[in-house]
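Q: Chains as they are written, first to last, in this note's numbering: chain A, 3 to 507; chain B, 3 to 507. One structure follows; several queries about it will come next.
There are 2 protein chains.
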Amino acid sequence: MLIELKRDSHVPLYDQIAGQVRGMISRGTLRIGDRLPANRELARMLGVNRTTVTTAYAELMADGLINSHVGRGTFICALPAAEKSAPANEQLRPAPIQWSALLADDRRDRWLGGMPPSPGKGFTSLAYSLPASDVFPLDEFRRAVDRVIRKERQVLLESGSTGGYEPLQEYIAAQMALTGARVGPEQILITNGCQQSISLIRQVLAGPGDEVVVENPTYPGALSVFCGYDSRHIGVPVGPHGLDLDVLEGVLSQRRPKLIYTIPSFQNPTGVTMDMAARRRLLQLAARHRVPIVEDDIYRELRYEGPSIPSLKALDECGLVIYVSSFSKIGFPGVRVGWIAAEKTLISHLSAAKRRSDLHTSLLAQAAIYEFSRRGLIAKHIKRLNKVHLERRDAMLAALVKHFPEESTWNTPQGGLGVCVALPKAVDANQLLLESIERGVVFSPGDHFYSNLPPSNMARLSFSTSTPAAIEEAVKRLGGILKARLLSLKKQGIARAAQSYRALV
Amino acid sequence: MLIELKRDSHVPLYDQIAGQVRGMISRGTLRIGDRLPANRELARMLGVNRTTVTTAYAELMADGLINSHVGRGTFICALPAAEKSAPANEQLRPAPIQWSALLADDRRDRWLGGMPPSPGKGFTSLAYSLPASDVFPLDEFRRAVDRVIRKERQVLLESGSTGGYEPLQEYIAAQMALTGARVGPEQILITNGCQQSISLIRQVLAGPGDEVVVENPTYPGALSVFCGYDSRHIGVPVGPHGLDLDVLEGVLSQRRPKLIYTIPSFQNPTGVTMDMAARRRLLQLAARHRVPIVEDDIYRELRYEGPSIPSLKALDECGLVIYVSSFSKIGFPGVRVGWIAAEKTLISHLSAAKRRSDLHTSLLAQAAIYEFSRRGLIAKHIKRLNKVHLERRDAMLAALVKHFPEESTWNTPQGGLGVCVALPKAVDANQLLLESIERGVVFSPGDHFYSNLPPSNMARLSFSTSTPAAIEEAVKRLGGILKARLLSLKKQGIARAAQSYRALV
Numbered sequence: 003m004l005i006e007l008k009r010d011s012h013v014p015l016y017d018q019i020a021g022q023v024r025g026m027i028s029r030g031t032l033r034i035g036d037r038l039p040a041n042r043e044l045a046r047m048l049g050v051n052r053t054t055v056t057t058a059y060a061e062l063m064a065d066g067l068i069n070s071h072v073g074r075g076t077f078i079c080a081l082p083a084a085e086k087s088a089p090a091n092e093q094l095r096p097a098p099i100q101w102s103a104l105l106a107d108d109r110r111d112r113w114l115g116g117m118p119p120s121p122g123k124g125f126t127s128l129a130y131s132l133p134a135s136d137v138f139p140l141d142e143f144r145r146a147v148d149r150v151i152r153k154e155r156q157v158l159l160e161s162g163s164t165g166g167y168e169p170l171q172e173y174i175a176a177q178m179a180l181t182g183a184r185v186g187p188e189q190i191l192i193t194n195g196c197q198q199s200i201s202l203i204r205q206v207l208a209g210p211g212d213e214v215v216v217e218n219p220t221y222p223g224a225l226s227v228f229c230g231y232d233s234r235h236i237g238v239p240v241g242p243h244g245l246d247l248d249v250l251e252g253v254l255s256q257r258r259p260k261l262i263y264t265i266p267s268f269q270n271p272t273g274v275t276m277d278m279a280a281r282r283r284l285l286q287l288a289a290r291h292r293v294p295i296v297e298d299d300i301y302r303e304l305r306y307e308g309p310s311i312p313s314l315k316a317l318d319e320c321g322l323v324i325y326v327s328s329f330s331k332i333g334f335p336g337v338r339v340g341w342i343a344a345e346k347t348l349i350s351h352l353s354a355a356k357r358r359s360d361l362h363t364s365l366l367a368q369a370a371i372y373e374f375s376r377r378g379l380i381a382k383h384i385k386r387l388n389k390v391h392l393e394r395r396d397a398m399l400a401a402l403v404k405h406f407p408e409e410s411t412w413n414t415p416q417g418g419l420g421v422c423v424a425l426p427k428a429v430d431a432n433q434l435l436l437e438s439i440e441r442g443v444v445f446s447p448g449d450h451f452y453s454n455l456p457p458s459n460m461a462r463l464s465f466s467t468s469t470p471a472a473i474e475e476a477v478k479r480l481g482g483i484l485k486a487r488l489l490s491l492k493k494q495g496i497a498r499a500a501q502s503y504r505a506l507v
Numbered sequence: 003m004l005i006e007l008k009r010d011s012h013v014p015l016y017d018q019i020a021g022q023v024r025g026m027i028s029r030g031t032l033r034i035g036d037r038l039p040a041n042r043e044l045a046r047m048l049g050v051n052r053t054t055v056t057t058a059y060a061e062l063m064a065d066g067l068i069n070s071h072v073g074r075g076t077f078i079c080a081l082p083a084a085e086k087s088a089p090a091n092e093q094l095r096p097a098p099i100q101w102s103a104l105l106a107d108d109r110r111d112r113w114l115g116g117m118p119p120s121p122g123k124g125f126t127s128l129a130y131s132l133p134a135s136d137v138f139p140l141d142e143f144r145r146a147v148d149r150v151i152r153k154e155r156q157v158l159l160e161s162g163s164t165g166g167y168e169p170l171q172e173y174i175a176a177q178m179a180l181t182g183a184r185v186g187p188e189q190i191l192i193t194n195g196c197q198q199s200i201s202l203i204r205q206v207l208a209g210p211g212d213e214v215v216v217e218n219p220t221y222p223g224a225l226s227v228f229c230g231y232d233s234r235h236i237g238v239p240v241g242p243h244g245l246d247l248d249v250l251e252g253v254l255s256q257r258r259p260k261l262i263y264t265i266p267s268f269q270n271p272t273g274v275t276m277d278m279a280a281r282r283r284l285l286q287l288a289a290r291h292r293v294p295i296v297e298d299d300i301y302r303e304l305r306y307e308g309p310s311i312p313s314l315k316a317l318d319e320c321g322l323v324i325y326v327s328s329f330s331k332i333g334f335p336g337v338r339v340g341w342i343a344a345e346k347t348l349i350s351h352l353s354a355a356k357r358r359s360d361l362h363t364s365l366l367a368q369a370a371i372y373e374f375s376r377r378g379l380i381a382k383h384i385k386r387l388n389k390v391h392l393e394r395r396d397a398m399l400a401a402l403v404k405h406f407p408e409e410s411t412w413n414t415p416q417g418g419l420g421v422c423v424a425l426p427k428a429v430d431a432n433q434l435l436l437e438s439i440e441r442g443v444v445f446s447p448g449d450h451f452y453s454n455l456p457p458s459n460m461a462r463l464s465f466s467t468s469t470p471a472a473i474e475e476a477v478k479r480l481g482g483i484l485k486a487r488l489l490s491l492k493k494q495g496i497a498r499a500a501q502s503y504r505a506l507v
């Protein structure tokens, strides 16, 4: 009789013994009439107190699974009810549930296997829009966590309020005020990052069948929210100055979208930023048509060049901007803390949706980030991060010039975490990815970012998570594959031309 | 010119200056033609470097808001676009957005102001189903957090995988196996607690208009999920042995619910537990009708008396049980970590929903709880907690006997965190709550837990978060209010009877 006990488990030992005997009866390892070892014997075998075994047997007896006869021993006397009828006949067992037939939402989820493959060791990843992790101020963060637990004591382990950890709400409101966006702490709802912010906003503002405006291309996580469920989306192209406002104006004059989702600064994946004039026009259009704007400002602090342009929220005069941001791009994607800033009425409804979703964001995570931030460590870290990111951006731009075929073009993002590259027209980015994985490099093909009409030759290359040397090497490999591909296409072209020529003469 | 700078902020100083000047222009504190202080002057006033002010002014100039004339100074030359037309005329500004008109879900949210009031200082709360927080092993927890950050380094701050922190998935699978439920780590999805688990399950299994079976009464958070949105619910009564299976059988023979949500052990709020026979019958019914069961097993470890009864998941033969539990009732409600255990196909769809909701649960929270648990500290804590809870339960039961009027009845829960009391029939629990708040005591009136047909005289009194002395005092006060109420009702009755008698003679 094979029973394995875990001494450090939170399941009491007698419960473990009873549970495992039950399992053996259920699996047929033990059968009706089988004799169990005597209490003392089993206690010795397992190295446990005799009363532990007595308690375990008492439990099994209470379940009606075993019987004890004085002087004869303890026997299995019953099987789990469902097996009674046909203990040895597998065919009569109820068939396993077919889950795929029971799903409410059977449309293919964009993210069910749709993410770029996670690189193993030896891979260089240009795929993720994440901050450099090799410069995380880990020990400072650890000390901040330790300090805040000592200070707050029980509070961090107790149930918290849905709105968030108050000191963090106050800190964020104060930070936003410094950039001209006037919001009070009660207008801040702490979330588990921008993904949750977006998801809550959709729940509250866009019902089944409602339309929303998204930038095309945009953050894939937003597409998973706005293009999933029953929402319908209108993709508005992104030009060199951000969201195409002429197209948007046309859309707003004909349709009644429930919201406009935009990333005005260092847009993902294009890297472009809306200037002041564009921001003002966007606000006017939205105000005229009474359509709320969801401003995803997650890259704001990652600015390497160019002026700081006020957020839509700072310029907003009629309270129609719902501002979302997080700590994930400036240091802590794994800690999962972000926020929504909006008018109080809306915040109260978003809070109800948040409570329904998961009650509140981890107090441990919130307090850790607050403590780290309030001591000025986040400001210091952002400075260091921007220095590192800038070096890496420049390394990537230089490598692109050096190694990529002339037929490719790209922008020079003034902030953010990646470069958006238009590959030579004849090249398919997904095909390139398959080949580059074999050469140890991963990146994000453009179609991940498009709600419709994806170009086949777009790629986003993130520079933030690799060293300049690794970036140079990875871009060199990508360039090599591209050049080989173009050469082979050219040869095919010449061969075809020669064939046509021969057919003519 | 009032500019406030925060030196420890992550917003650069020049950005703070530019942002606040922008705000002043926008609010009309600064007007076109107003002169700004010279660089040097403002730098001295604010105690910052002169280049900081130069940079701030350069930003404002780039925005077209200010102009510099050599020898004359720097002037405000423009207003934010929207204000240009009518700078001083408030009436021409766009009207503020009326959010209430824009909400997708305008049905009253059960939780929008529907929770029992949070007690201030001096209050005794019998309202919340939470573990005793005064025995949290805080320093051990703090050390576990410190240790796991040292061990995992960057990993906890980097982006994680949606399924969860792998060591925690493995730990949970191993723990479940010890009680006879065979699930692999890949069948565990880590969530932010049971509330999120329930919410994700609904998203994946119950579409708009679909029906689900809930226990009546049940956990209010489940009602907020299953009775909100477009789900429709069928409330099945809870009897002395849990869910009324005769009623359920009738429901399943006539309707096609998408799932059955149940708390089989120490049900919230009734405290009752389904015995083995009932569990087997429930599983057979569900298997016959092919309806998944959501087993909320959050109170399992909080057992003070009676046998340990296997979970539905441990008895499940056709994979129809979706098991949800968390660490919130055994120690860490504020840390927000729970899990779902189910068949792999379903887990992959639930993971996609989780990714869409918030990418993944905080790695810091997951790793902290893992480290605390794997060292056996959670097992030790549960032991201590159960001892404390049992004392408090007994204090409450004794106080109820001593202070409550004879017309009230209650059960003796063998586990869980509260006692379910049927008040004298003539008493309304919400009325009692209003009076008891004035006497410094809060509790949960029964109607919070009912999806339909709430009795007016039911109350859940949680014993876990107050000391025995506080419980005795709080129950005494409640009893006093009840007795006074009964006396006044009796007097009214006598007066009415006397009146009737007088009318007759």
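Using N, Cα and C, we set each Cβ at its ideal position, and we do this for glycine too. Keep in mind the model is a prediction, meaning the values are calculated, not measured.
With a threshold of 8 Å between beta carbons, is Tyr263 (chain B) in contact with chain A?
A: Position 261 of the second sequence, counting from 1, holds the residue named residue 263 (chain B). No, its Cβ sits nowhere closer than 8 Å to a Cβ of chain A.
Q: Quick one: using the 10 Å Cβ neighbour count with 16 as the cut-off for buried, is Val55 (chain B) buried or exposed?
A: Counting from one through the second sequence, the residue named residue 55 (chain B) turns up at place 53. Under this definition Val55 (chain B) is a buried residue.
Q: Would you tell me roughly how many angstroms separate the C-alpha atoms of Gly318 (chain B) and Leu254 (chain B), rounded to the nearest one?
A: Taking the first residue of the second sequence as 1, we reach residue 318 (chain B) at position 316. Taking the first residue of the second sequence as 1, we reach residue 254 (chain B) at position 252. The residue you asked about is not Gly; residue 318 (chain B) is Asp in the sequence shown. Their backbone Cα atoms lie some 19 Å apart in a straight line.
Q: Under 8 Å between C-beta atoms, does Gln156 (chain A) make it to chain B?
A: On the first sequence, position 154 is the one that residue 156 (chain A) refers to. Interface residue, yes.
Q: Among the residues of its own chain, which have a CB less than 7 Å from the CB of Val238 (chain B), if the five just before and after it don't count?
A: Position 236 of the second sequence holds residue 238 (chain B). Closer than 7 Å at the Cβ level, and outside the excluded window around Val238 (chain B), lie Val215, Glu217, Asn218, Leu245, Asp246, Val249, Leu250, Val253.
Q: Could you tell me which of B:Ala369, B:Ser161, B:Gly35, B:Asn270 sits nearest to Leu170 (chain B), measuring between CA atoms?
A: Looking up residue 170 (chain B) in the second sequence gives position 168. The option with the nearest alpha carbon to Leu170 (chain B) is B:Ala369.
Q: Please check the pair Ala486 (chain B) and Thr126 (chain B), which I expect to be a contact at CB under 8 Å, by giving their CB distance rounded to whole angstroms.
A: Numbered from its first residue, the second sequence carries residue 486 (chain B) at position 484. Numbered from its first residue, the second sequence carries residue 126 (chain B) at position 124. Wrong, their Cβ atoms sit about 19 Å apart, outside the cutoff.
Q: On the premise that Thr275 (chain A) lies in contact with Ile324 (chain A), defined as a C-beta separation below 8 Å, what is that separation, rounded to the nearest angstrom?
A: Numbered from its first residue, the first sequence carries residue 324 (chain A) at position 322. Numbered from its first residue, the first sequence carries residue 275 (chain A) at position 273. Actually they are not in contact, since the Cβ atoms of Ile324 (chain A) and Thr275 (chain A) sit about 20 Å apart, beyond 8 Å.
Q: Hey, out of B:Gly481, B:Ser102, B:Glu303, B:Cys79, whose CA is closest to His405 (chain B)'s CA?
A: For the purposes of this step, residue 405 (chain B) is identified with residue 403 of the second sequence, where counting begins at 1. Residue B:Gly481 is the option with its Cα nearest to His405 (chain B).
Q: Quick check on the DSSP output: what are the complete alpha helix (DSSP H) runs of length 4 or more inside the region 206-241 of chain B, in order along the chain?
A: Counting whole runs of 4 or more residues, the region 206-241 of chain B contains the alpha helix (DSSP H) stretches 222-228.
Q: Which bits of chain A does Gly333 (chain B) rub up against, with CB to CB less than 8 Å?
A: For the purposes of this step, residue 333 (chain B) is identified with residue 331 of the second sequence, where counting begins at 1. Simply Leu159.
Q: Against chain B, with Cβ distances strictly below 8 Å, would Arg487 (chain A) count as a contact?
A: Against the first sequence, residue 487 (chain A) aligns to sequence position 485. It does not: the Cβ of Arg487 (chain A) has no partner Cβ on chain B nearer than 8 Å.
Q: Drop a sphere of 10 angstroms on the beta-carbon of Ile371 (chain A), count the other beta-carbons inside from all chains shown, and report buried for 16 or more, exposed for fewer.
A: Within the first sequence, the letter at position 369 stands for residue 371 (chain A). Its Cβ being crowded by 16 or more others within 10 Å, Ile371 (chain A) is buried.
Q: If you draw a straight line from the alpha carbon of Arg52 (chain B) to that of Leu387 (chain A), how long is it in whole angstroms?
A: Locating residue 52 (chain B) in the second sequence gives position 50, where the first residue counts as 1. Locating residue 387 (chain A) in the first sequence gives position 385, where the first residue counts as 1. Looking at the two C-alpha atoms, the distance is approximately 25 Å.
Q: If the cut-off is 8 Å on Cβ atoms, which residues from the region 134-154 of chain A count as contacting chain B, listed in chain order?
A: The region 134-154 of chain A vs chain B, Cβ under 8 Å: Ser135, Asp136, Phe138, Leu140, Phe143, Arg144, Val147, Asp148, Ile151, Arg152.
Q: Classify Val296 (chain B) as helix, strand or coil using the three-state DSSP reduction.
A: On the second sequence, position 294 is the one that residue 296 (chain B) refers to. Reduced to three states, the DSSP call for Val296 (chain B) is strand.
Q: Quick one: Cα of Ser446 (chain A) to Cα of Leu225 (chain A), how far?
A: One-based indexing of the first sequence puts residue 446 (chain A) at position 444. One-based indexing of the first sequence puts residue 225 (chain A) at position 223. Straight-line Cα distance between these residues: approximately 15 Å.
Q: Given that a residue counts as buried once 16 or more other Cβ atoms are within 10 Å of its Cβ, and exposed if not, what is Asn432 (chain B)?
A: For the purposes of this step, residue 432 (chain B) is taken as residue 430 along the second sequence, with counting starting at 1. By the neighbour-count rule (16 or more Cβ atoms within 10 Å), Asn432 (chain B) is not buried but exposed.
Q: Using only the alpha-carbon positions, how far apart do Ala40 (chain A) and Gly75 (chain A) sit?
A: Reading the first sequence from its first residue, position 38 is the one you call residue 40 (chain A). Reading the first sequence from its first residue, position 73 is the one you call residue 75 (chain A). Each residue's alpha carbon lies about 7 Å from the other.
Q: Does DSSP put Ile190 (chain A) in a helix, a strand or coil?
A: For the purposes of this step, residue 190 (chain A) is taken as residue 188 along the first sequence, with counting starting at 1. Three-state result, Ile190 (chain A): strand.
Q: For Val274 (chain A), which beta-bridge partners are listed by DSSP?
A: The count along the first sequence starts at 1 and reaches residue 274 (chain A) at position 272. Beta-bridge pairing links Val274 (chain A) to no other residue.
Q: Specify the secondary structure class of Arg282 (chain B) as computed by DSSP and reduced to three states.
A: For the purposes of this step, residue 282 (chain B) is taken as the residue at position 280 of the second sequence. Helix, per DSSP.
Q: So what's Asn69 (chain A) in DSSP terms, helix, strand or just coil?
A: Translated into positions along the first sequence, residue 69 (chain A) becomes position 67. Strand, per DSSP.
Q: Output yes if chain B places a C-beta closer than 8 Å to the C-beta of His12 (chain A); else output no.
A: Working through the first sequence from its first residue, we reach residue 12 (chain A) at position 10. So, interface residue.
Q: So is Ile307 (chain A) buried or exposed if we call it buried at 16+ other beta carbons inside 10 Å?
A: In the first sequence, the residue the question calls residue 307 (chain A) occupies position 305. One detail in the question is off: residue 307 (chain A) reads as Glu in this sequence, not Ile. Exposed, since its Cβ has fewer than 16 Cβ neighbours within 10 Å.
Q: Does the beta carbon of Cys320 (chain B) come closer than 8 Å to any beta carbon on chain A?
A: By one-based count along the second sequence, residue 320 (chain B) stands at place 318. Cβ-Cβ to chain A under 8 Å: yes for Cys320 (chain B).
Q: Answer yes or no: do Pro294 (chain B) and Leu207 (chain B) have a C-beta to C-beta separation smaller than 8 Å?
A: Position 292 of the second sequence, counted from the first residue, corresponds to residue 294 (chain B). Position 205 of the second sequence, counted from the first residue, corresponds to residue 207 (chain B). Yes, these two residues count as a Cβ contact at 8 Å.
Q: For Pro470 (chain B), which of helix, strand or coil comes out of DSSP?
A: Locating residue 470 (chain B) in the second sequence gives position 468, where the first residue counts as 1. Helix at Pro470 (chain B).
Q: Answer yes or no: do Ile19 (chain B) and Leu81 (chain B) have a C-beta to C-beta separation smaller than 8 Å?
A: Position 17 of the second sequence holds residue 19 (chain B). Position 79 of the second sequence holds residue 81 (chain B). No.
Q: Looking at Trp341 (chain B) and Ile203 (chain B), is the spacing between their C-beta atoms short of 8 Å?
A: Taking the first residue of the second sequence as position 1, residue 203 (chain B) is located at position 201. Taking the first residue of the second sequence as position 1, residue 341 (chain B) is located at position 339. Going by C-beta atoms, Ile203 (chain B) is not nearer than 8 Å to Trp341 (chain B).
Q: Grouping DSSP H, G and I as helix and E and B as strand, with all else coil, what is Ile342 (chain B)?
A: Against the second sequence, residue 342 (chain B) aligns to sequence position 340. Reduced to three states, the DSSP call for Ile342 (chain B) is strand.
Q: For my contact list, Lys315 (chain B) and Glu303 (chain B) are in at a C-beta cut-off of 8 Å; report their separation, rounded to the angstrom.
A: Looking up residue 315 (chain B) in the second sequence gives position 313. Looking up residue 303 (chain B) in the second sequence gives position 301. With a Cβ gap of about 15 Å, Lys315 (chain B) and Glu303 (chain B) do not count as contacting.
Q: If the cut is a Cβ gap below 7 Å, which residues of chain A does Trp101 (chain B) touch?
A: Against the second sequence, residue 101 (chain B) aligns to sequence position 99. Result: Glu345, Thr347, Leu348.
Q: Does any residue of chain B have a CB that is nearer than 8 Å to the CB of Thr181 (chain A)?
A: Locating residue 181 (chain A) in the first sequence gives position 179, counting from the first residue. At least one chain B Cβ lies under 8 Å of Thr181 (chain A).
Q: Could one say the Cβ of His351 (chain A) lies closer than 8 Å to chain B's Cβ atoms, at least one of them?
A: Taking the first sequence and counting its residues from 1, the one referred to as residue 351 (chain A) is at position 349. Closer than 8 Å to some Cβ of chain B, the Cβ of His351 (chain A) qualifies, so yes.
Q: Over the uninterrupted alpha helix (DSSP H) stretch that includes Gly21 (chain A), give me the two end residues.
A: Here residue 21 (chain A) refers to the residue found at position 19 when the first sequence is read from its first residue. Segment 15-29, the alpha helix (DSSP H) holding Gly21 (chain A).
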